[in-house]
Each structure stands twice: as C-alpha cells, then as structure tokens.
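Novice: Questions regarding the structure given below will be posed in turn.
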Amino acid sequence: MDRDAYHNCSSLVKMPRQSYEQLWSSHFVDYIDKELSYSKFFRKYLLPNHPCMFSRRFTDDWKCRKQWVTEEGKPNFQKLLQEFDETPVPVANCNAKEYNANPKQVMPFKEFIHYWKEYIQNGHSSPKGCLYLKDWHMSRTPFHADVFRSYSWSANICGRKKWLLYPPGQEDFLRDTHGNLPYDVTSAELKDSGLFPQFDEACQPLEIIQEAGEIIFVPSGWHHQVYNLEDTISINHNWLNGCNVDIMWQFLQNELSSVQKEIEEWRDTMDSWHQHCQVIMKACSGIDYTEFASFLKIVAENRMAFLNACSSGDPSDYSRHLSETLATLGPYHAAFDLQRVAHIIECLLCNEDFKRLDHSTSSLQPETMLQQIRDTIQSTRGQHLLYQE
45 MDRDAYHNCS
55 SLVKMPRQSY
65 EQLWSSHFVD
75 YIDKELSYSK
85 FFRKYLLPNH
95 PCMFSRRFTD
105 DWKCRKQWVT
115 EEGKPNFQKL
125 LQEFDETPVP
135 VANCNAKEYN
145 ANPKQVMPFK
155 EFIHYWKEYI
165 QNGHSSPKGC
175 LYLKDWHMSR
185 TPFHADVFRS
195 YSWSANICGR
205 KKWLLYPPGQ
215 EDFLRDTHGN
225 LPYDVTSAEL
235 KDSGLFPQFD
245 EACQPLEIIQ
255 EAGEIIFVPS
265 GWHHQVYNLE
275 DTISINHNWL
285 NGCNVDIMWQ
295 FLQNELSSVQ
305 KEIEEWRDTM
315 DSWHQHCQVI
325 MKACSGIDYT
335 EFASFLKIVA
345 ENRMAFLNAC
355 SSGDPSDYSR
365 HLSETLATLG
375 PYHAAFDLQR
385 VAHIIECLLC
395 NEDFKRLDHS
405 TSSLQPETML
415 QQIRDTIQST
425 RGQHLLYQE
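Written out as structure tokens, the structure reads:
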C-alpha cells in the first residue's frame, strides 16, 4: 500500500461498500490483462469489495501450470501421482446431500486419480457418483478462513469453470421460510413462493466463465455457486486484512444472534445460557467470540512487531519480524490493519455479549491491546515512518 491509499482510507471507521447496481445492470466484471499495482487493486477492488478477473498472463510462469497439465491442456495424472501418490485428500460426493452440503470422505490421492480416469473413460459417468476433490489444504492456518467471510482468489490451472455470484445482501432473498440458503440456486423449487417467499426480489447472479490460467477475485460476502465445465484443477487462497475485518465481525454477530433466537426459550432456565450460545455458534461456524479476539491479537502483535522493527533501524530486529508478505505490503498497510483491528476491539468492548464472557483466561486483554496499538501507531508517526499530510 502506498501513502496516498493509506491516507485516503485510514480515517474511515467503517469500510465503504460501493453500490453494486452497475455490476447488476451490466453483468460484467473488470478483466485485468496488464500489470496492476497492489495500491490500485486495493483502492479499486479490495475497499469497494468488487470482483475482478486476471488474465492467464499472470499464471503463465507458474510451475504447476507447466507440470500438472499436458500439452493438450488436460490434467497430467502421471506427474500428479509422482508428487502426491498416497497423500490423504478430502473427496465430496456431488450426487449426495447431507443437510445442505455434499458428504465427504478421505481417500489416498492415487485412489481418487484412479476413479477420475475411469470417470473420464466412461463418458464422465460412474456408479460411484460424481466425486470431487475439494478443500484440500496444503497449508493450514489457525482458523478456517471461509468462516470469516474472507477474500478469495481462485486460479484455474487447467479446465474451465462457470461462476454464479450474488453480491452481499442478496443471499437474504434466497433463503427459505426457515432461513436456510438453497442447495442449488438454479433449482426450480426457488420459484415456489411458499418455500422461498423473497426469491422474486433477488437480482440475477453475475455469470462468469473462467478459462484455463485465469484468476478470479471473489470479495468478502459474495455468495457463489461454481460448475466445472470440463476436467479442471484449480488452486484457491483465502486471506484477510483490514478491509474486511468489519465484515468478519458483523458475520459473527449475525451468527450469534441466530443461535440466540433458536434457543431463546431456554434462556431463563439454562445456567450459563450465553456461554452455551457461544459453544453452539462455534460448532456451527468454527469459532466463538473469544477465539475471534485471539485472532485479532495475533494480527495486532504481528503488525506492531513489524512497525516497531521498521522504526528501530536495527537490521537484525527488522529481518526477524519481516515476513515476505509484510515486506511487500509495507508499513502503511501494517498501520492500516492495526487501525482496523483497533476499531473492532473498540466494538468488542461495547458489545454486551462479549462483556458477559469470562476473560480471565483469555490471551487478549482488550483495553491493554488497544492502548498498545495506539502507542505503536503514534510512535511510528513520530519517527516519520508514516507521513501525514
């Protein structure tokens, strides 16, 4: 992030979400075929929360696009087996439905490749159903980023996909009378007003065809449904920063509110009712308020260590805290993230449900952390690391 981008957004309390009406009416997203600076990407897509597509020129030099793909543009099964062979992988059955998702099993990678080959040879048909290797995490993070309504990019190594995207807020029109989202947004049952009373109010989704080598950026909160139009390999990455931490916080508040409504009748008879709500929310979403606060602490400490190392001028101290990502993003982005985290911690301190929790064993002491963040930002400004105009 550069200085101009930092000063244009650092004073904002809530991130601006520009109108999606232009996207709805035109049904197109920007196609990026030239070099794009991170600062421009930040201003044009991250802050306004808009999707975009990057051309294949951005992946032409990726090793996996050369090694995992045959000259005909098909998956290179031989090379993939050499690399992953016995690796356990999660495989979903797209022909089966459990609750509102596909059931999964774990199998050796070579077993899935054996199935995939037979599936192709049989005209893309199998008595086992349509199996889909998905959510294979080659690098794990402390938290499942999908829970947080993270940003995501998805790169097609080979094959083609069709994406249906709904802008944030449109998902409310897709819910049934019980508040559940549909399993398939193209299903004829959505036209039944008795089951989906608000479906007629929903906009038409953005329909995007993603070709081999292209990368789609899917912003926070954009519900989507994806089809593989041919044999496809894709790499996906979810990430978080100061632009969407407010979306994460709002999502968790909505999740807790839904849980509280579900068990409201036991509020006066259940000991530690509020704590039980947190437990249920974690079971449904993968995280509770305490863990979210710990996540904020990790982000804040990381950014503060980086800024303090930058301002110290000590090369050894600098290199110890200088991750490759932060080195690329620079001190302005670190300070921006810190300001966003500080705002969310302020929100936590004002939140009645958070106040009711036992923080005696929590790694985050909110008031202390908030003061440390303010001191760090003030100190780096004082040392002219962050110039003000």
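Residue numbers (my numbering): 45 to 433.
Cβ atoms here follow ideal geometry from the backbone N, Cα and C, with glycine treated the same way.
Confirm, please, whether the CB-CB distance from L296 to I342 is below 9 Å.
Specialist: Not closer than 9 Å, so no.
Novice: Taking 9 Å as the threshold (beta carbon to beta carbon), is Y163 in contact with chain B?
Specialist: Among the chains of the structure shown, chain B does not appear; only one protein chain is present.
Novice: When DSSP labels each residue in this structure, what does C174 get in the three-state scheme?
Specialist: It is coil, neither helix nor strand.
Novice: Return yes when the Cβ of I253 is within less than 9 Å of the Cβ of F98, no when it is not.
Specialist: No. Outside cutoff.
Novice: Compare the Cα-Cα distances from N285 to each of L382, S355, L208, L209 and report the closest residue.
Specialist: Ranking L382, S355, L208, L209 by Cα distance to N285 puts L382 first.
Novice: Where do the N-terminal and C-terminal ends of the alpha helix (DSSP H) with V323 fall, by residue?
Specialist: Note, V323: alpha helix (DSSP H), 317-329.
Novice: Just checking K205 against the ligand MN - is the residue's beta carbon closer than 8 Å to any of the ligand's heavy atoms?
Specialist: By its list of ligands, the structure shown contains no ligand whatsoever, and the ligand MN lies outside what it can speak to.
Novice: Restricting to Cα atoms, I'd like to know which of H387, R418, P375 is closest to S83.
Specialist: With distances taken between Cα atoms, S83 lies closest to P375.
Novice: Using the Cα positions of W160 and D315, report the straight-line distance between them to the nearest angstrom.
Specialist: Using only the alpha carbons, I get a separation of about 52 Å.
Novice: Between the Cα of P410 and the Cα atoms of I421, A386, E396, which residue gives the shortest distance?
Specialist: The option with the nearest alpha carbon to P410 is A386.
Novice: Give every residue of the same chain whose Cβ lies closer than 6 Å to the Cβ of N139, excluding the five residues on either side of it in the sequence, and list them in chain order.
Specialist: Answer for N139: G173, C174, listed in chain order.
Novice: Could you check which residue in D74, L239, K205, G203 has the C-alpha nearest to that of R219?
Specialist: When each option's Cα is compared against that of R219, the closest is L239.
Novice: Whole angstroms are fine: how far does the CA of A379 sit from the CA of I421?
Specialist: The alpha-carbon atoms of I421 and A379 are separated by roughly 7 Å.
Novice: For P375, which of helix, strand or coil comes out of DSSP?
Specialist: Note: P375 maps to helix in three-state DSSP.
Novice: Rounded to a whole number of angstroms, what is the C-alpha to C-alpha distance between S231 and P241?
Specialist: For S231 and P241, the distance between alpha carbons rounds to 15 Å.
Novice: For the segment 241-329, which segments carrying the alpha helix (DSSP H) assignment without a break, of at least 4 residues, lie completely within its bounds, in sequence order?
Specialist: Listed in chain order, the complete alpha helix (DSSP H) runs (minimum 4 residues) inside the segment 241-329 are 289-306, 317-329.
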